[in-house]
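Student:
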Amino acid sequence: MTKVFQISLGVLAAIGGFVDIGDIVFNAAAGATLGYQLVWAVVVGAVGIMVYSEMCGRVACIAKRPVFDVVRERLGYKVGLTTLLASQFVNAMTCAAEVGGVAIVLRYLFGFPYRPLIAVALLLLLVSVWFLPFEWIERVFGFGGLLLIVFAVAAVKLDPNLGALGHGLIPHIDTPSPLIWCYFAVGILGATFMPYEVYFYSSGGVEDGWVPPHDLKLNKLTAIAGYALGAVLSISIMVVAAELFVPQGIEPGFLGTVALAAQTPLGEAGLLLALLGMLFAISGAAIDTSLAGAYNMAQFFGWEWGKYRKPGGAPRFTVTWAAFFGLAFLVVISGVDPIFVTELSVVFSVVALPLTYVPILLVAGDSNYMGAHANGRLASTLGWLYLVAIVVISLAAVPLLVLTNMGEG
Amino acid sequence: MTEYRFSKDSESLQSLATEGSLLADGVVDGRTTSAFVLTHAQELASNTEKLASVVASTHPETGLAEKMMRLAALAREAASQLRTLAGHPSDAAAAARVRSALTNTADAAEKLAKSL
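What follows is the structure in structure tokens.
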């Protein structure tokens with residue numbers, strides 16, 4: 001059981017990358033629009049984020065330096081500051097979307113009006129981060145989010161076309177709208193590499209007190225198992241959407257549409273498990289983003305940081321994560337659509353993507369820092385390959401967003 | 410409004426109405442919760458009302474005027490049915506009527522999309 005709990009950091013980080021509010025709806029829309037054609041994108045994205053999370057976890061373990069510390073040193077103050085501003089903007093927008101998402105799910109569960117529930121969501125998140133130790137945040141929200149495994153059960157119950165599912169592992173375009181295909185592929189891959197995942201993951205490694213050599217294995221296991229679980233959840237949502245929504249011509253635009261996909265084959269229990277899974281997963285993603293924002297600021301400016309300290313022991317860090325939640329509340333209460341905000345935040349993360357991943361790759365491969373634990377041939381090759389993919393995603397995201405009218409054609 | 414936009418809006422109405430009938434189906438079979446039905450039916454109704462309003466207020470291309478009026482009327486009818494579902498989220502008899510009406514609306518919207 002202890003082993004299972006130890007990988008909770010990877011599970012919670014993966015929840016942000018694969019099943020936050022935007023991903024849940026986006027994956028369902030990809031399945032409803034293109035069937036199984038983009039299953040490969042989830043798998044490719046999962047392997048990429050495993051590679052980079054393992055690297056930054058290793059750097060945190062060996063050099064005791066989380067990602068933003070490395071970003072500032074390798075890129076210098078000015079470029080580092082640009083990265084900080086871009087990533088904080090994305091963190092703030094994503095956090096706002098997630099807080100709104102928590103309120104939406106609470107509304108599905110209890111039927112109360114939306115705006116008061118935004119305040120309830122804010123309070124729940126503030127209380128959770130203030131009172132829960134880091135490892136319990138990982139466990140409660142990481143493993144709670146795994147209730148979304150109900151979509152895997154729903155997918156099995158719907159008796160999916162395994163041939164088509166297998167064919168989806170091979171990139172192929174079978175649609176009259178190749179641009180729409182590209183939009184969804186880039187969106188899925190881009191969401192997988194959202195920078196806050198690695199900020200959260202590497203800082204979490206320091207929070208968890210990882211020390212070599214034992215925790216190097218734990219890091220590898222955490223990165224692989226956590227993101228693999230995230231990918232399974234993501235593919236499951238795509239499968240139920242392909243099986244249920246394609247034949248009926250339903251275009252998912254709400255979290256409720258996705259929940260309906262669990263209810264249809266599994267009844268009320270399926271609906272409730274799906275909603276609870278969403279509640280934990282989206283809350284976890286909100287906490288990922290607010291803490292990632294505070295980690296970035298503290299590491300860039302050299303403040304005391306860490307949830308392992310009492311709030312008074314790292315006051316600027318504490319004020320920053322609380323401020324992220326406060327800002328999120330103000331954005332969502334203004335009436336913007338949380339799903340729209342999160343889709344935009346994926347696009348705006350394009351500036352932060354290469355600037356985040358280049359320093360990780362350079363430091364993880366630098367034997368002056370890492371000694372015998374620097375990148376080997378496999379990690380180095382995969383790292384450079386994925387870096388090229390990240391740059392392509394960054395360049396393609398905005399034009400595709402405009403050309404496809406956010407995937408609506 | 411162009412033929413392409415008309416076709417897209419018809420498909421959107423088909424999607425909203427079909428989803429509404431799926432939601433009502435859960436009420437009929439007792440496989441859902443009233444809080445979920447109330448909330449999601451309101452969301453669907455709100456989007457359907459917006460669609461009706463956009464379609465009704467857009468200037469049509471030649472030959473599309475009659476079809477656009479029909480699409481706007483269908484959207485208003487679907488929104489009304491969804492509001493009824495939101496108002497009676499645990500009433501199986503009302504949900505059965507809504508399901509039937511929304512299924513008909515979805516079929517009609519599909520025919521409109523294919524009529525060009």
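If you read the protein sequences in the order shown, they are chains Y and E.
Here the first sequence is numbered in my numbering, starting from 1 and rising by one per residue.
Here the second sequence is numbered in my numbering, starting from 410 and rising by one per residue.
Beta carbons: idealized from backbone N, C-alpha and C, even for Gly.
(1) Residues in its own chain within less than 8 Å of Y/Val-105 by CB, not counting five upstream and five downstream?
(2) Quick check on this structure: which residue in E/Gly-472, E/Leu-422 and E/His-468 has the alpha carbon closest to the alpha carbon of E/Met-410?
(3) So E/Glu-452 contacts chain Y; which residues on that side make the cut at Cβ distance below 8 Å?
(4) Taking the straight line between their C-alpha atoms, what separation do you get for E/Ala-465 and E/Ala-484?
(5) Please name the residues in the segment 419-432 of chain E whose beta-carbon is closer than 8 Å to at least one beta-carbon of chain Y, in chain order.
(6) According to a CB-to-CB cut-off of less than 8 Å, which residues of the segment 263-279 of chain Y neighbour chain E?
(7) Under a CB-based cut-off of 9 Å, is Y/Arg-74 close to chain E?
(8) Do we get a CB-CB distance below 9 Å when we pair Y/Arg-65 with the residues of chain E?
(9) From the DSSP output, in three-state form, read off Y/Met-406 for me.
(10) Since E/Arg-440 meets chain Y, which of its residues come closer than 7 Å, beta carbon to beta carbon?
(11) In or out: Y/Phe-200 buried (at least 16 other Cβ within 10 Å) or exposed?
(12) Counting only beta-carbon atoms, is E/Lys-417 nearer than 9 Å to chain Y?
(13) Count the other C-beta atoms from every protein chain shown that fall within 10 angstroms of the C-beta of E/Met-478, then say buried if there are 16 or more, exposed otherwise.
(14) What whole-angstrom Cβ distance do Y/Arg-115 and Y/Ile-287 have, given they're in contact under 8 Å?
(15) How about Y/Ser-53 and Y/Gly-10: are their beta carbons less than 9 Å apart?
(16) Taking 8 Å as the limit between beta carbons, can you name the residues of its chain near Y/Arg-107, skipping five residues before and five after?
(17) Check whether the Cβ atoms of Y/Val-150 and Y/Leu-266 lie closer than 9 Å to each other.
(18) Could you list which residues in chain E have their beta carbon closer than 7 Å to that of Y/Arg-107, in chain order?
(19) Take Y/Phe-184 and list the residues in its own chain whose beta-carbon comes closer than 8 Å to its own, dropping the five residues that flank it on each side.
(20) Quick check on Y/Gly-111 - is its C-beta less than 9 Å from some C-beta in chain E?
(21) Locate the alpha helix (DSSP H) running through Y/His-214, then write down its first and last residues.
(22) My output table needs one value for Y/Leu-109: the three-state DSSP class, helix, strand or coil.
(23) Considering only the beta carbon of each residue, do Y/Ile-237 and Y/Leu-146 sit closer than 9 Å?
(24) At 7 Å on the CB atoms, spell out the chain B contacts of E/Gly-435, in chain order.
(25) Kindly indicate which residue of Y/Val-186, Y/Asp-69, Y/Asn-91 and Y/Ala-103 has the alpha-carbon position closest to the one of Y/Val-398.
(26) Can you tell me the Cα-Cα spacing of Y/Gly-101 and Y/Asp-208, whole angstroms?
(27) Quick one, which residues of the segment 198-226 of chain Y are near chain E if we go by CB-CB under 8 Å, in chain order?
(28) What is the C-beta distance between Y/Pro-195 and Y/Val-99, in whole angstroms, given that I count them as a contact (C-beta under 8 Å)?
(29) With a threshold of 16 other CB atoms inside 10 Å of the CB of Y/Pro-359, please say whether the residue is buried or exposed.
(30) Keeping to the same chain, check which residues put their C-beta closer than 6 Å to that of Y/Arg-316; ignore five residues upstream and five downstream.
(31) So, for E/Arg-492: in the same chain, excluding its five sequence neighbours on each side, which residues have a beta-carbon less than 7 Å away from its beta-carbon?
(32) Under 9 Å between C-beta atoms, does E/Asn-513 make it to chain Y?
(33) For chain E, find out if any of its Cβ atoms is closer than 9 Å to the Cβ of Y/Leu-260; answer yes or no.
(34) Between the beta-carbon of Y/Gly-253 and the beta-carbon of E/Asn-456, is there less than 9 Å?
(35) What does Y/Glu-251 reach in chain E if we use C-beta pairs closer than 8 Å?
Tutor: The short version:
(1) Excluding five sequence positions before and after Y/Val-105, the CB atoms of its chain that fall closer than 8 Å to its own CB belong to Leu-255, Leu-275, Met-278, Leu-279 and Ile-282, given in chain order.
(2) The shortest Cα separation from E/Met-410 among E/Gly-472, E/Leu-422 and E/His-468 belongs to E/His-468.
(3) Phe-254 and Gly-256
(4) 10 Å
(5) Glu-420, Ser-421, Gln-423, Ser-424, Thr-427, Glu-428, Leu-431 and Leu-432
(6) Gln-263, Thr-264, Gly-267, Glu-268, Leu-271, Leu-272 and Leu-275
(7) Cβ-Cβ to chain E under 9 Å: no for Y/Arg-74.
(8) So no, Y/Arg-65 is outside the interface.
(9) coil
(10) Gln-263, Gly-267 and Glu-268
(11) buried
(12) yes
(13) Exposed: under 16 other Cβ atoms inside 10 Å.
(14) In fact, because the Cβ distance is near 22 Å, the residues do not count as touching under 8 Å.
(15) yes
(16) If we look at Y/Arg-107 and ignore the five residues flanking it on each side, its Cβ neighbours are Pro-113, Tyr-114 and Leu-117.
(17) yes
(18) Thr-448
(19) Phe-26, Ala-29, Ala-30, Thr-33, Leu-34, Leu-38, Ala-41 and Gly-407
(20) yes
(21) 214-248
(22) Per DSSP, reduced to three states, the secondary structure at Y/Leu-109 is helical.
(23) No, these two residues do not count as a Cβ contact at 9 Å.
(24) No chain B appears in the structure shown, which is made up of the protein chains Y and E.
(25) Y/Val-186
(26) 28 Å
(27) With the criterion set as a beta carbon lying under 8 Å from some beta carbon of chain E, the segment 198-226 of chain Y has no members that meet it.
(28) Wrong, their Cβ atoms sit about 19 Å apart, outside the cutoff.
(29) buried
(30) Trp-303
(31) These residues qualify, in order along the chain: Ala-454.
(32) So, not an interface residue.
(33) yes
(34) The beta carbons of Y/Gly-253 and E/Asn-456 sit closer together than 9 Å.
(35) Here the neighbours are Glu-420, Ser-421 and Ser-424.
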